[in-house]
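Heads up: the sequence shown begins at 21 in this note's numbering, then just goes up one per residue. We put the CB at the ideal spot given by N, CA and C, even for glycine. The structure displayed is predicted, hence computed values, not measured ones.
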Amino acid sequence: MKTVTLTNRDGATYLVDPRKPLLDSLHDQGVDLPYGCKYGGCITCAAKLIDGEVHQKAQVALNNRQLNDGYVILCVARPLTNITLEIGVESHDKLYRNPFLDPLAAHELKADIATPKEV
Ligand code: FES
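Take a look at the structure:
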């Protein structure tokens, strides 16, 4: 088992099964979080990882900038260590940005859309 501490829920701590997605583990223990697709594609369930490591290879919603800012996709992420999260919409302060005021640099895009396809 691993522990999950929620900074923006008065430091509440939960024991979770590292084989289950964090969204399900937290939901099963009464933590109500927003979600949409539940397969890592829509970004609704994003949370900010403050400390620790997760496995979230199945996610396709986050770009490199969002990953570098510590975002994780709770519906697919599984904890590799004890972790600390900021959850819910309060954690989304750096998730989005206006692409017209502040466009992504090439290195912040996903590799498969940053590199033109050979024809
Ligand atoms: S619910 Fe859609 S990415 Fe998690």
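- Residue range 66-71 is occupied by the beta strand (DSSP E) that includes Asp-71.
- The Cβ atoms of Ile-103 and Gly-60 do not sit closer than 8 Å to each other.
- By the C-beta criterion, the stretch 89-100 is judged to be in contact with the stretch 23-43, since at least 3 inter-stretch pairs fall below 8 Å.
- Taking the CA atoms as reference points, His-75 sits about 21 Å from Val-51.
- With a threshold of 7 Å, the Cβ atom of Thr-64 counts as near ligand 1, since some heavy atom of the ligand is closer than that.
- Per the C-alpha coordinates, the member of Ser-111, Leu-53, Leu-35, Leu-115 positioned closest to Leu-82 is Leu-115.
- In this chain, the alpha helix (DSSP H) harbouring Leu-46 covers 42-48.
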